Amino acid sequence: KNRERAGERGEGRMGNSVSVPNHKPLDIDMILKAEKQAKRTKVFLLRNAMLTAVPRRCPHMTSLREVDLSSNRIVELPFELGDLSKLKVLNVSHNCLAHLPHSLGDCQILKQIDASHNALEDVPDTFGRLARLRQVNFSHNSLIEAPEALSKCASLIYIDVSHNWLEHLPVGWADLLQLQELNVSHNRLSAIPEEFAELMQLRKFDLRDNTVTHIPFGVLAETSLDRIYTDDNPVHPVLKQQQGYREFHIRKIARVKQAGWPPEINPNRLKGWGDY
Numbered sequence: 542k543n544r545e546r547a548g549e550r551g552e553g554r555m556g557n558s559v560s561v562p563n564h565k566p567l568d569i570d571m572i573l574k575a576e577k578q579a580k581r582t583k584v585f586l587l588r589n590a591m592l593t594a595v596p597r598r599c600p601h602m603t604s605l606r607e608v609d610l611s612s613n614r615i616v617e618l619p620f621e622l623g624d625l626s627k628l629k630v631l632n633v634s635h636n637c638l639a640h641l642p643h644s645l646g647d648c649q650i651l652k653q654i655d656a657s658h659n660a661l662e663d664v665p666d667t668f669g670r671l672a673r674l675r676q677v678n679f680s681h682n683s684l685i686e687a688p689e690a691l692s693k694c695a696s697l698i699y700i701d702v703s704h705n706w707l708e709h710l711p712v713g714w715a716d717l718l719q720l721q722e723l724n725v726s727h728n729r730l731s732a733i734p735e736e737f738a739e740l741m742q743l744r745k746f747d748l749r750d751n752t753v754t755h756i757p758f759g760v761l762a763e764t765s766l767d768r769i770y771t772d773d774n775p776v777h778p779v780l781k782q783q784q785g786y787r788e789f790h791i792r793k794i795a796r797v798k799q800a801g802w803p804p805e806i807n808p809n810r811l812k813g814w815g816d817y
C-alpha cells in the first residue's frame with residue numbers, strides 16, 4: 542500500500558506528516574474583523590489566515606456557538622476553549638494539531654467536531670462527557686487507537702476515523718444505538734466486532750482499504766445497513782457469499798428504488814428525448 546511504500550522511503554512511521562509552520566506576522570485587521578463579526582453572529586470564523594495559534598480573545602468570547610479555525614497552521618489549542626459553554630460546532634480541520642485539550646469535554650452542548658487533516662495521536666477521554674455530540678471527524682490523522690471515549694457519546698450519528706493507523710475498533714462502540722454512518726476506511730483493520738450487530742440504526746459502513754476477511758452476520762442481517770463499501774479488502778470478492786448478505790441486499794434494493802432508480806418508463810413519450 543502507499544503508506545507502506547512511504548515508510549520504505551523513510552518518511553516516518555505515520556503517513557500524515559505535518560510540516561513545522563513558518564511564523565509570519567499576524568494580520569491583525571483580519572483578526573479584529575473576525576472578532577467584531579463574532580460578537581454579532583456568535584460565530585468565530587477565521588479560515589486560511591496562516592494562524593499558528595488561536596487568537597487570544599477567542600476562548601474568552603463565552604457566547605460563541607461556533608468556532609471555525611480550519612485551514613491554518615495552528616499547533617495547539619488553548620485549555621480555555623473549554624470555557625465556551627455555548628459552543629455547538631468546532632472546526633479545526635487542516636491544521637498541525639497533535640493533541641486536543643482535555644477541557645473540550647466541558648463543552649456540554651457541543652454537537653459537531655471536525656479535527657480532520659491534522660496529526661492527532663489520541664483523543665482525550667473527557668470527550669466521553671459530550672452527551673450531545675452528534676458528528677465527529679477525526680479522519681486523516683495519526684491515530685493508532687480508535688477513541689474508546691466515544692462509546693459514551695450516546696447521541697452520535699456519524700463517525701469518521703478514516704485514513705489513520707487503526708488495527709482494532711472498540712467493542713464499546715456497539716453502545717452507540719443512534720449511529721447511522723461509520724467510516725473506518727484506509728486503516729489496518731482485520732476484523733469487525735460481532736457486537737456491532739447491535740447498531741440497529743447503522744445504514745452506511747465504509748471499510749475500504751483494510752484487511753477485513755469477514756463481515757459478521759448480524760452486521761449484514763440485523764442492522765439497518767443498506768450501503769457497505771469493502772473495496773481493497775479480502776472480503777470484497779466474496780461479499781455476496783457472506784451470511785446475512787441476502788437481508789442486506791433486500792434493504793439495498795429498497796433504498797435504490799426509493800431514490801427513484803431505475804426510472805419508470807413512460808410509454809407515451811418517445812425514446813431518445815432524454816427520458817432514459
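Sequence positions in the sequence shown follow the working numbering and run 542 to 817.
Here a beta-carbon is modelled for each residue, glycine too, at the ideal position from N, C-alpha and C.
Note that the coordinates shown come from a computational prediction; the quantities given were computed from them, not determined experimentally.
- The continuous stretches of beta strand (DSSP E) do not include V664, and DSSP gives it neither H nor E.
- The segment 758-769 makes no contact with the segment 707-718, as fewer than three CB pairs between them are under 8 angstroms.
- Counting the other CB atoms within 10 Å of its CB gives H643 a total below 16, which places it among the exposed residues.
- Uninterrupted beta strand (DSSP E) stretches at least 3 residues long and entirely within the segment 712-765 occur at 722-724, 745-747, given in chain order.
- In the three-state scheme derived from DSSP, where H, G and I count as helix and E and B as strand, F789 is classed as helix.
- By the neighbour-count criterion, in which a residue is buried when 16 or more other Cβ atoms sit within 10 angstroms of its Cβ, S626 is exposed.
- The three-state secondary structure of E607, taken from DSSP, is strand.
- Beyond the five residues adjoining it in sequence on each side, L671 comes within less than 6 angstroms, by CB distance, of L651, C694 in the same chain, given in chain order.
- Look at Q799 here: in three-state DSSP terms it is helix.
- Nearest to A594 by alpha-carbon distance, out of T582, V584, P619, A579, is P619.
- Around the beta-carbon of R597, fewer than 16 other beta-carbon atoms lie within 10 Å, marking it exposed.
- Y699 sits close to E722, with the two beta carbons spaced by under 7 angstroms.
- Its Cα nearest to that of S657, the residue V677 stands out among G646, R673, T667, V677.
- Burial check for S703: the Cβ neighbour count within 10 Å reaches 16 or more, so the residue is buried.
- For the set D568, R614, N632, the Cα lying nearest the Cα of F585 is the one of N632.
- Annotation for D716: S692 place their beta carbon closer than 6 angstroms to its own, counting only its chain and skipping 5 residues before and after.
- According to the DSSP assignment, D570 belongs to the alpha helix (DSSP H) that extends over 569-582.
- Counted as a single uninterrupted DSSP element, the beta strand (DSSP E) harbouring R768 occupies residues 768-770.
- In this structure R729 is in contact with L707, their Cβ atoms being roughly 6 angstroms apart against a cut-off of 8 angstroms.
- One Cα belongs to K574, the other to C648, and the distance between them is close to 25 angstroms.
- Comparing alpha-carbon positions, the option among L766, A800, S696 lying closest to I791 turns out to be L766.
- In the DSSP assignment, V677 falls within the beta strand (DSSP E) that extends over 676-678.
- The beta carbon of I572 is closer than 6 angstroms to those of P596 in its chain, skipping five residues each way along the sequence.
- Rounded to the nearest whole angstrom, the CA to CA distance from E576 to V630 is 17 angstroms.
- Residue pairing of D655 in beta bridges, as defined by DSSP: N632, N678.
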